[in-house]
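From first to last, the protein sequence lines are chains A and B.
If you read the first sequence in numbering that gives the first Met the number 0, its first letter stands for residue 0, the second for the next number, and so on.
If you read the second sequence in numbering that gives the first Met the number 0, its first letter stands for residue 0, the second for the next number, and so on.
Glycine included, C-beta positions come from ideal geometry on N, C-alpha and C.
Just so it is clear, the structure is predicted and the values come from calculations on it, not from any experiment.
Worksheet for the structure shown next.
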Amino acid sequence: MIEVNGQKYALKYLFEARYSDGNSYLQGADDISLQREDKNAFYDVFYAPIKPLEELESFILIGDSHTYLVSLIDGHFEVDGIPFRQHEIAATEFRLIFYKTHRHDFNQGGDEIGHTCTYVIGWQTTLEGKNYEYKIAIE
Amino acid sequence: MAATFEFNEDNGTQTGSPLKGTTRNTAVTQVNWKNTDDVATAYSSSPITAGNNSYTKYQFGKFTGTFNQVSAGLFAHTAGTLGTGLTLKGTVSSTYATPATTANASLSTDMTTAIAIASGLAVSFHTTGPEAASPTSTLSAVGFSQYLATQLQTSGSAGAGDTATVTLTLQYNEN
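Spelled out as structure tokens, the structure:
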């Protein structure tokens, strides 16, 4: 759930974190951490992981009749099960990237305000001292 | 629980340490530059005379609810074209000064022309308030953006009537 100036918006995509033991962590619509009621579900996956991040195999956004997956095994992406790859570097470590980009617009003179939210998933790695990021942005 | 956001605005005489507005208005949904320092007065009731400036507006974002981190804040005029004789000046700052209609030299960025948000001014954050010293590029608890300060400055050639609609944008990442 997102709330902007008192207006509530349901999350367009919910995430599933899949682990090497076959188990998954599913983000609930209320988006509350299992560990702290003042934190959201991603806190349980990334900031105070309830399962080691090394065991996280894939991170999937599900919503609007589509799925978007990033693999933390080999760095490929999938849209509705169709795989593709962005990178050519010889990465062996894939660290999860997930955030939402919020854009708040004042339409001066129209007494309007607009809000858009773009979901970003991907991974980053450090190779020979240089950081690389590969991401997809879903609107 | 939700991640929540709202725009706020400070008005009135500078007060406190660090300085902030006497009045802090919440849930602000417009940025109408006008010849009075408040949120409620309709701009049509307080027009700017050509050759004069609006009062500086000090707006900012307030972040509450559940989130882990807010980062990568940016602020810009992103759409719409202001007419002849109109200049939009602005800055992102932790400094509040009693709003006035004199040309505010602290507003060092000419924001008259719309740009992509990626080229906007960097915005930092603080848990205490927009006025707090040493803001940081990320926010990990309930808090505020810096002040997004703007002033519409006019020359004698500015035309009468409403300005064209323009869009100001605050963008940030959150997870």
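Original post:
What's the gap between the Cα of TYR171/B and the Cα of SER123/B?
Top reply: TYR171/B and SER123/B have their C-alpha atoms spaced approximately 10 Å apart.
Subject >> Within-8 Å CB hit, TYR98/A to chain B >> reply: So, interface residue.
Original post:
If you run the structure through DSSP and keep just helix, strand and coil, what is LEU52/A?
Top reply: In the structure shown, LEU52/A sits in a helix (DSSP, three-state: H, G or I).
**OP:** Using a threshold of 8 Å, state whether the C-beta atoms of ASN7/B and ARG23/B are closer than that.
**Re:** For ASN7/B and ARG23/B, yes; Cβs fall inside 8 Å.
Subject >> Alpha-carbon to alpha-carbon, SER70/B and LEU138/B >> reply: A straight-line Cα-Cα distance of about 6 Å links LEU138/B and SER70/B.
Original post:
Does the separation of the CB atoms of CYS116/A and HIS101/A fall below 8 Å?
Top reply: Note that the C-beta distance between CYS116/A and HIS101/A is below 8 Å.
Subject >> Residue-chain proximity (VAL78/A, chain B), Cβ-Cβ < 8 Å >> reply: VAL78/A does not count as touching chain B.
**OP:** Spell out whether any CB of chain B is found under 8 Å from the CB atom of ASN39/A.
**Re:** Interface annotation, ASN39/A: in contact with chain B, CB-CB separation under 8 Å.
Subject >> Proximity winner among THR164/B, GLN58/B, GLN152/B, relative to GLY50/B (alpha-carbon distances) >> reply: For the options THR164/B, GLN58/B, GLN152/B, the alpha carbon positioned closest to that of GLY50/B is the one of GLN152/B.
Subject >> VAL38/B - DSSP class collapsed to helix/strand/coil >> reply: Three-state result, VAL38/B: coil.
Original post:
So is ASN130/A in contact with chain B if we call contact Cβ pairs under 8 Å?
Top reply: Interface annotation, ASN130/A: not in contact with chain B, CB-CB separation never under 8 Å.
Original post:
First and last residue of the beta strand (DSSP E) that includes HIS65/A?
Top reply: That run of the beta strand (DSSP E) goes 65 to 70.
Original post:
Would you call the CB atoms of GLY60/B and VAL165/B closer than 8 Å?
Top reply: No; because the gap between Cβ atoms is not below 8 Å, this pair is not in contact.
**OP:** Quick one: which residues of the stretch 113 to 137 of chain B get their C-beta closer than 8 Å to a C-beta of chain A? List them in chain order.
**Re:** Those residues of the stretch 113 to 137 of chain B that come within reach of chain A (Cβ to Cβ, closer than 8 Å) are ILE116.
Subject >> Nonlocal neighbours in the same chain, by C-beta distance under 6 Å from VAL141/B, ignoring five residues either side >> reply: Once the five neighbours on either side are set aside, the close Cβ partners of VAL141/B are THR63.
Original post:
Since GLY84/B contacts SER154/B with CB under 8 Å, what's their CB separation in whole angstroms?
Top reply: Your pair GLY84/B and SER154/B checks out as a contact, with CB atoms roughly 4 Å apart and the cut at 8 Å.
Original post:
In the DSSP assignment, what are the bridge partners of ILE61/A?
Top reply: Assignment of beta-bridge partners to ILE61/A by DSSP yields LEU13/A, THR66/A.
**OP:** Would you mind sorting HIS76/B into buried or exposed? The rule is 16 or more other CB atoms within 10 Å of its CB.
**Re:** It counts as buried.
**OP:** Starting from the C-beta of GLN13/B, find all residues in its chain whose C-beta is less than 6 Å away, skip the five residues before and the five after it, and write them out in chain order.
**Re:** Contacts found: TYR95, ALA96, THR97.
Original post:
Considering only the beta carbon of each residue, do GLU15/A and ILE59/A sit closer than 8 Å?
Top reply: A distance below 8 Å separates the beta carbons of GLU15/A and ILE59/A.
Subject >> Outcome for ILE84/A when other beta-carbon atoms lying within 10 angstroms are tallied against a minimum of 16 >> reply: Reading the sequence as shown, one finds Arg at residue 84/A and not Ile. Counting of Cβ neighbours within 10 angstroms places ARG84/A among the exposed residues, the total staying below 16.
Subject >> Rounded distance between the beta-carbons of LEU167/B and VAL38/B, thought under 8 Å >> reply: LEU167/B and VAL38/B do not touch by the CB rule: their CB atoms are close to 15 Å apart, not below 8 Å.
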